[in-house]
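In full-length UniProt numbering, the protein residues as written are 1 to 318.
Ideal Cβ positions, reconstructed from N, Cα and C, are used throughout, including at glycine.
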């Protein structure tokens with residue numbers, strides 16, 4: 001990709017960017033949460049991880065046909081220098097990828113800074129940042145805390161931004177919220193077979209085992225639950241207009257652990273996860289999948305806001 005000079009230093013990017021053809025819009029673009037805004041905002045710094053996040057944001061902005069806004073927040077230096085560095089990097093992204101890009105630096109609250117942008121952001125991109133393990137256990141990762149604060153589509157970047165995503169995993173619950181997740185995966189990837197995954201809990205089986213139920217009864221119940229889940233997943237995939245680009249996957253076990261295992265085994269480059277807005281405790285209990293794939297996985301993670309469901313949380317399933 002070439003070197004990027006910043007303040008007398010020369011920083012090499014991870015990989016050269018491949019110029020993949022831009023895929024046509026997904027059938028359900030009108031319902032995409034990305035269309036709630038009209039630009040891609042990347043919260044970055046001048047570290048290698050931060051610069052990598054800028055190039056990922058630029059790739060996505062190009063594919064979505066949106067401008068990119070690079071924003072350094074609370075930079076540990078004087079603002080004029082930070083603004084100049086952000087502007088240089090934005091111009092390089094514009095020159096390399098042909099995406100409209102602007103760079104700036106500011107002090108203040110991230111929510112207020114994002115609210116003041118024009119055009120308004122439809123996606124926030126930031127590099128993965130490992131924090132204090134105790135703090136993350138109690139309050140979530142830095143990315144999760146930001147998501148709760150701004151409650152808009154947020155992409156956490158870990159992987160080298162060399163090309164569009166090709167292996168995408170979308171864990172879903174069996175409700176209509178899955179359409180938005182599948183649609184988002186279609187828009188920012190060129191994966192010809194997105195894996196749409198649902199995890200069924202095993203608490204019922206454990207209860208039956210305690211009651212000494214016959215093994216064949218357990219197998220029949222598991223087969224019936226799996227068939228029902230596959231049927232519903234395929235209905236949701238069809239409703240999202242993704243029959244040609246998505247495949248259903250049903251698994252059993254602990255949702256967070258199974259999603260992480262499948263993401264690793266399939267070498268997923270992107271995991272798309274829906275998150276609700278609620279209390280910190282409720283989010284950590286309900287959204288262990290998101291927390292786990294961000295803190296322990298190697299894929300990029302796209303968090304999409306979902307409306308709160310009525311009634312108690314479903315246990316043992318994703």
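### Query
Rounded to a whole number of angstroms, what is the C-alpha to C-alpha distance between residue 181 and residue 276?
Computed Cα separation, rounded: 13 angstroms.
- Task: Take the Cβ of residue 107 as the centre, count every other Cβ of all protein chains shown within 10 Å, and call the residue buried at 16 or more, exposed below.
- Result: By the neighbour-count rule (16 or more Cβ atoms within 10 Å), residue 107 is not buried but exposed.
Are residue 99 and residue 126 close, meaning C-beta to C-beta below 8 angstroms? Not a contact, by the Cβ cut-off of 8 angstroms.
- prompt: Between 109, 246, 39, which lies nearest to residue 72 when the distance is taken from Cα to Cα?
  reply: Per the Cα distances, 109.
| Taking Cβ to Cβ, would you say residue 229 is nearer than 8 angstroms to residue 268? | For residue 229 and residue 268, no; Cβs fall outside 8 angstroms.
Check your understanding: Can you name the residues that DSSP bridges to residue 189?
Key -> Residue pairing by DSSP puts residue 189 in a beta bridge opposite 165.
Rounded to the nearest angstrom, what separates residue 288 and residue 215 at their Cα positions? Looking at the backbone, the Cα of residue 288 and that of residue 215 are separated by about 31 angstroms.
Practice item. Look at residue 52 and residue 178 and say whether their C-beta atoms are less than 8 angstroms apart. Key: The answer is no: Cβ separation not under 8 angstroms.
Fill in: Cα-Cα separation between residue 91 and residue 137, rounded to whole angstroms
A direct Cα-to-Cα measurement between residue 91 and residue 137 gives close to 39 angstroms.
Self-check item: Same chain, Cβ closer than 8 angstroms to residue 311, neighbours up to 5 away in sequence not counted
Solution: Here residue 311 scores only 41 on pLDDT, less than 50, and its place in the model should not be relied on; the value that follows carries that caveat. Within the same chain, residue 311 has no close Cβ partners at all.
Based on Cα-Cα distance, which residue from 235, 195, 133, 187 lies nearest to residue 62? Considering only alpha carbons, the answer is 187.
Item to complete: Give me the Cα-Cα distance between residue 271 and residue 190, rounded to the nearest whole angstrom.
Response: As the crow flies, the alpha-carbon of residue 271 is around 14 angstroms from that of residue 190.
- Task: Select from 163, 166, 247, 184 the residue whose C-alpha is nearest the C-alpha of residue 196.
- Result: Checked all of 163, 166, 247, 184; the closest Cα to residue 196 is 247.
Worksheet item: Helix, strand or coil: which one does DSSP assign to residue 115?
Response: If DSSP states are grouped into helix, strand and coil, residue 115 belongs with the helices.
Three-state secondary structure assigned by DSSP to residue 28
Summary for residue 28: the model assigns pLDDT 44, below 50, so the residue's position carries little reliability; its value from the coordinates is reported in the next sentence. Coil, per DSSP.
(Q) Just list the residues that DSSP pairs residue 103 with in beta bridges. (A) In the DSSP output, where bridge partners are listed per residue, residue 103 has 70.
**Message:** I need the DSSP call for residue 172, collapsed to helix, strand or coil.
**Reply:** Residue 172 sits in coil when the DSSP states are folded into three classes, being neither helix nor strand.
Environment of residue 65 [buried if 16+ CB atoms lie within 10 Å] | Flag for residue 65 reads exposed.
According to DSSP, is residue 139 helix, strand or coil?
In the structure shown, residue 139 falls within a helical segment according to DSSP collapsed to helix, strand and coil.
Would you kindly work out how many angstroms separate the C-alpha atoms of residue 80 and residue 87, rounded to a whole number? Cα-Cα distance, rounded: 10 angstroms.
Quiz prompt | Straight-line gap, residue 307 to residue 185 (C-alpha atoms, nearest Å) | solution = Taking C-alpha positions only, residue 307 is separated from residue 185 by approximately 19 angstroms.
Q: Measure how close the beta-carbons of residue 121 and residue 152 come, nearest whole angstrom, since I'm counting them as under 8 angstroms.
A: Contact between residue 121 and residue 152 holds, since their C-beta atoms are separated by about 7 angstroms, short of 8 angstroms.
- For residue 114 versus residue 54, is the C-beta spacing smaller than 8 angstroms? Their beta carbons are not under 8 angstroms apart, which means residue 114 does not touch residue 54 by this criterion.
DSSP-derived helix/strand/coil call for residue 252 = It is a strand residue.
- Beta-ladder partner(s) of residue 194, from DSSP: Beta-bridge partners of residue 194 (DSSP): 246.
| What are the partner residues of residue 155, as DSSP defines its beta bridges? | DSSP output for residue 155 lists 125, 302 as bridge partner(s).
| query | To which residues of the same chain is residue 249 closer than 6 angstroms at the C-beta, ignoring the five residues directly before and after it? | reply | Around residue 249, the same chain offers 195, 197 as residues with beta carbons nearer than 6 angstroms, after the five sequence neighbours per side are excluded.
Exercise. State the DSSP-derived secondary structure class of residue 92, mapped to helix, strand or coil.
Key: DSSP, reduced to helix, strand and coil, places residue 92 within a helical segment of the structure shown.
Are residue 103 and residue 155 close, meaning C-beta to C-beta below 8 angstroms? Not in contact: residue 103 and residue 155 (Cβ atoms no closer than 8 angstroms).
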